[in-house]
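Following the working numbering, the numbering of the sequence shown begins with -1 at its first residue and continues without gaps. Some notes on the structure that comes next.
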Amino acid sequence: MVVLRKLPGMPGWPAALGLRLPQKFLFLLFLSGLLTLCFGALFLLPDSSRFKRLFLPRRATASASSSSSASSSSASSSSTRDTDLPRSPPAAAEPRHASPAAPRRLREKLRTAARMAGPPARTAPGSRQQVQGGESRAQPASASPPARETRAPFRFDYERFRRSLRHPVRGGRSGEDPETRARRMKIKEMMKFAWDNYKQYALGKNELRPLTKNGHIGNMFGGLRGATVIDALDTLYIMELEEEFQEAKQWVEKSFDLNVNGEASLFEVNIRYIGGLLATYYLTGEEVFKSKALELGEKLLPAFNTPTGIPRGVINLGSGMSWSWGWASAGSSILAEFGTLHLEFLHLSELSGNPVFAEKVRNIRRVLSRVEKPQGLYPNFLSPVTGSWVQHHVSIGGLGDSFYEYLIKSWLMSDKKDSEAKKMYDDALEAIEKHLVKKSAGGLTYIAEWRGGILDHKMGHLACFSGGMIALGAQHSTGDRRQRHMELAAEITSTCHESYTRSDTKLGPEAFRFDAGSEATATRLSERYYILRPEVVESYMYLWRLTHQPKYRHWGWEVVQALEKHCRVEAGFSGIRDVYSTTPSHDNMQQSFFLAETLKYLYLLFCEDDVLSLEDWVFNTEAHPLPINHTDSKAAGQP
Ligand code: DMJ
-1 MVVLRKLPGM
9 PGWPAALGLR
19 LPQKFLFLLF
29 LSGLLTLCFG
39 ALFLLPDSSR
49 FKRLFLPRRA
59 TASASSSSSA
69 SSSSASSSST
79 RDTDLPRSPP
89 AAAEPRHASP
99 AAPRRLREKL
109 RTAARMAGPP
119 ARTAPGSRQQ
129 VQGGESRAQP
139 ASASPPARET
149 RAPFRFDYER
159 FRRSLRHPVR
169 GGRSGEDPET
179 RARRMKIKEM
189 MKFAWDNYKQ
199 YALGKNELRP
209 LTKNGHIGNM
219 FGGLRGATVI
229 DALDTLYIME
239 LEEEFQEAKQ
249 WVEKSFDLNV
259 NGEASLFEVN
269 IRYIGGLLAT
279 YYLTGEEVFK
289 SKALELGEKL
299 LPAFNTPTGI
309 PRGVINLGSG
319 MSWSWGWASA
329 GSSILAEFGT
339 LHLEFLHLSE
349 LSGNPVFAEK
359 VRNIRRVLSR
369 VEKPQGLYPN
379 FLSPVTGSWV
389 QHHVSIGGLG
399 DSFYEYLIKS
409 WLMSDKKDSE
419 AKKMYDDALE
429 AIEKHLVKKS
439 AGGLTYIAEW
449 RGGILDHKMG
459 HLACFSGGMI
469 ALGAQHSTGD
479 RRQRHMELAA
489 EITSTCHESY
499 TRSDTKLGPE
509 AFRFDAGSEA
519 TATRLSERYY
529 ILRPEVVESY
539 MYLWRLTHQP
549 KYRHWGWEVV
559 QALEKHCRVE
569 AGFSGIRDVY
579 STTPSHDNMQ
589 QSFFLAETLK
599 YLYLLFCEDD
609 VLSLEDWVFN
619 TEAHPLPINH
629 TDSKAAGQP
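This is the structure:
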């Protein structure tokens, strides 16, 4: 040892002290004991200590700290650490935090500290959650096993997933006619224009204000920024806008901050941010998208701590506090919100190995399948406290819409294994057909809204997604039922097309009515606006893919021309205030879903069917593609 070596010309320390042999021996014994103690004490120093980092290998430092302080790891929650979840035990039985060099008593101490700290940080959000009215039941935020140190880290096998796809994600591109190609290229140009202007004037804000050339933040995303970046990612990728995709990716890597403290819509954060990140991860395999999605998913968990497990609509992403929308009757939760989590949450569990996300949405399913449905219909407001309906308003448009969509898509995404979802979808559609589907005097089929048994003969623009959904579901029925549903899907889509063609701008209003002599037109001033919504072109895309009738491409092209004429402005695309007036009155907002959905569905309408094939993908309600779980290829362990 360096300190005891005799230097030339100098007596050694013990000799200099004039010690005899037995004394020298005792001195050496004392010195080595002292050194061992000092080394052991390193383990008790905080992570930040320079000494600790200097003397201990990195791995031992991290693991010791993660087990000895659950609260500190939750505060700095790194997604990869929290979600590299253990599934099976590792070969070595020794806990990872116990360095072989540490003395036994010290190791005991560390074990005790780890036990007292409890389960890993994943469960922490639930524990600091507070709920309005203090009615939260003691519901663990995580049901996964706490003994992380005895299990191997979970890794999602991305390569295997890619081999399970039946088509290349961006398609094969063979033998298309020049007109289709030119139209697709035009839509790609629109996407580039929308992105470039967002990037130039609003990068890092949630949306672009194209008239005033600045950014909009809004209050839906709880302090999160870059809604347009996240919503645009997979569209840029699919359209092969490589440079623009890299710009968006770089923003996510460098500037996308999840440590925010604000009130967010659980639904919007899920469909736009988590959906967009998950889809981009599956398309590209880039870890950053996965880890951000998982980290954000964890932040949403406290919203589920209610007596029924039905989440509340609003959550503070910093504190975990959650509450219901002020406008929702009697503190209720909204069907289209808590019913539109299933697809994303199953994928969060699939990618993390953490069952907590899947458990949350399975519980929602359980509550919904048990509650009594008036005439077989699902009202839009449910109490998260009692689990019963708060008022009887039923709609396949706003407040209800994507709940139905997620039932049929859950079944498809499960490779047709989730038969409960299929049955709930079939039963709901049957009740809708029986009570809500109507024909106007002029012969247009529409889906009315229902208010405690009384029909409101109105269809919202949002309800126009249902043509595509019903066509998609019909593919898996047989005989009469299949034909009836395909006809219904085509008729609804045609009615929605009418709502566009009957306006002066050839764009459709927010809501249209079938009463007092009106047929597919808005009768109220407040319903005349168009905010770049996708639902009508979404149905064109599905019906094109499922029937190949050219009219759907014609109708899609009409929309492209109308958008160019009435919504394109110098610095992006803007919604308009009145679809019945050709004198432009722009709303100065380029919605993020215009890039996520409207332009993506238009583009796909002019693509070959193998681009994001319906055999491999389901689209979440924000048009972010999530893969179908091909169970046959998994079982066989092959592509
Ligand atoms: C999108 O954010 C989603 O489609 C959602 O389901 C409801 N509608 C908007 C676009 O209109």
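Here a beta-carbon is modelled for each residue, glycine too, at the ideal position from N, C-alpha and C.
Fill in: Candidates Ile185, Leu366 and Leu209, of which the one nearest Glu568 by Cα
Leu209
Item to complete: Between the Cα of Arg531 and those of Gly458, Tyr578, Ala520 and Ser524, spot the shortest distance and give me the residue it belongs to.
Response: Gly458
Worksheet item: Would the beta-carbon of Pro532 be found less than 8 angstroms away from any heavy atom of the ligand COA?
Response: Ligands displayed in this structure: the ligand DMJ; the ligand COA is not among them.
Worksheet entry | Coarse secondary structure for Ala514, derived from DSSP in three states | It is coil, neither helix nor strand.
Worksheet entry | Start-to-end residues for the alpha helix (DSSP H) that takes in Ile468 | Ser464 to Ala472
Practice prompt. Give the single residue among Arg480, Gly220, Lys421 and Arg566 whose Cα lies nearest to the Cα of Leu206.
Written response: Ranking the options by Cα distance to Leu206, first place goes to Arg566.
Worksheet entry | Straight-line Cα distance separating Arg160 from Asp608 | 15 angstroms
Discussion item. Please report the straight-line C-alpha distance between Tyr196 and Phe571, rounded to a whole angstrom.
Written reply: The alpha-carbon of Tyr196 is positioned some 10 angstroms away from that of Phe571.
Item to complete: Under the assumption that Leu541 contacts Tyr550 (Cβ atoms under 8 angstroms), give the Cβ distance between them as a whole number of angstroms.
Response: 5 angstroms
Practice prompt. For the region 177 to 235, list the beta strand (DSSP E) runs that are entirely contained and at least 3 residues long, ordered along the chain.
Written response: 205 to 207 and 212 to 214
Worksheet item: Would DSSP call Trp409 helix, strand or coil?
Response: helix
Worksheet item: Of all the alpha helix (DSSP H) runs that stay within the bounds of the region 526 to 556, which reach a length of 4 or more residues?
Response: 533 to 545
Item to complete: State the Cα-Cα distance for the pair Tyr538 and Ser317, rounded to the nearest angstrom.
Response: Their Cα atoms are separated by approximately 42 angstroms.
Worksheet item: Is any heavy atom in the ligand DMJ found nearer than 8 angstroms to the beta carbon of Glu342?
Response: no
Discussion item. At a threshold of 8 angstroms, does Phe336 count as lining the ligand DMJ (C-beta to nearest heavy atom)?
Written reply: no
Worksheet entry | Simplified DSSP assignment, three categories, for Phe379 | strand
Worksheet entry | Alpha-carbon to alpha-carbon, Arg181 and Ser652 | Not covered by the structure: residue 652. The range shown for the chain is -1 to 637.
Discussion item. Taking the beta carbon of Gly170 as the centre, do at least 16 other beta carbons fall within 10 Å, making it buried, or is it exposed?
Written reply: exposed
Worksheet item: Residue range of the alpha helix (DSSP H) that Phe152 falls in?
Response: Neither: Phe152 is in no alpha helix (DSSP H) and is coded neither H nor E.
Item to complete: Tell me whether the beta-carbon of Ile394 lies closer than 9 angstroms to the beta-carbon of Ile452.
Response: no
Worksheet item: Just how far apart, CA to CA, sit Phe591 and Leu231?
Response: 12 angstroms
Worksheet item: Short check: CB of Tyr498 to CB of Met237, under 9 angstroms?
Response: no
Item to complete: Would you list the one or two residues that DSSP bridges to Met457?
Response: Phe510
Fill in: Cα-Cα separation, Gly10 to Leu24
Reliability fails at Gly10, whose pLDDT of 42 lies under 50, so the model's placement of it is uncertain and no value is given.
Worksheet entry | Start and end residues, beta strand (DSSP E) containing Arg658 | In this structure the chain extends from -1 to 637, so residue 658 is not present and cannot be described.
Fill in: Option nearest Met411 by Cα separation, candidates Ala334, Lys211, Lys358 and Gly471
Gly471
Discussion item. Taking 9 angstroms as the threshold (beta carbon to beta carbon), is Glu285 in contact with chain D?
Written reply: No chain D is present in this structure, which holds just one protein chain.
Discussion item. Using a Cβ-Cβ cutoff of less than 8 angstroms, which residues in the same chain neighbour Ile406 once the five nearest sequence positions on both sides are dropped?
Written reply: Cβ within range, chain order: Ala419, Lys420, Tyr423, Met467, Leu470 and Gly471.
Item to complete: Just grab the DSSP bridge partners of His340 for me.
Response: DSSP, once it has assigned bridges, lists no residue as partnering His340.
Discussion item. Distance check for Ala192 and Asp80, CA to CA, integer angstroms please.
Written reply: Confidence is the limiting factor: at Asp80 the pLDDT is only 27, short of 50, which leaves the residue's position unreliable, though a coordinate-based value still follows. If I take the Cα positions, the gap works out to 37 angstroms.
Worksheet item: Do Asp399 and Trp409 have their C-beta atoms within less than 9 angstroms of each other?
Response: no
Worksheet item: Bridge partners of Phe355, per DSSP?
Response: Beta-bridge pairing links Phe355 to no other residue.
Worksheet item: Straight-line CA distance for Leu201 to Leu264?
Response: 23 angstroms
Worksheet item: Exposed or buried, Met564, counting other C-beta atoms within 10 Å across all chains shown (16 or more means buried)?
Response: First, the residue type needs correcting, since residue 564 is His and not Met in the sequence shown. Buried, because 16 or more other Cβ atoms sit within 10 Å of the Cβ of His564.
Item to complete: Determine, using beta-carbon pairs with one atom in the region 317 to 327 and one in the region 356 to 375, whether at least three such pairs fall under 8 angstroms.
Response: no
Worksheet item: Would you report the Cα separation of Ala136 and Asn303, rounded to the nearest angstrom?
Response: Low confidence applies here, because Ala136 scores a pLDDT of 32, under 50, leaving its location unreliable and the question unanswered by this model.
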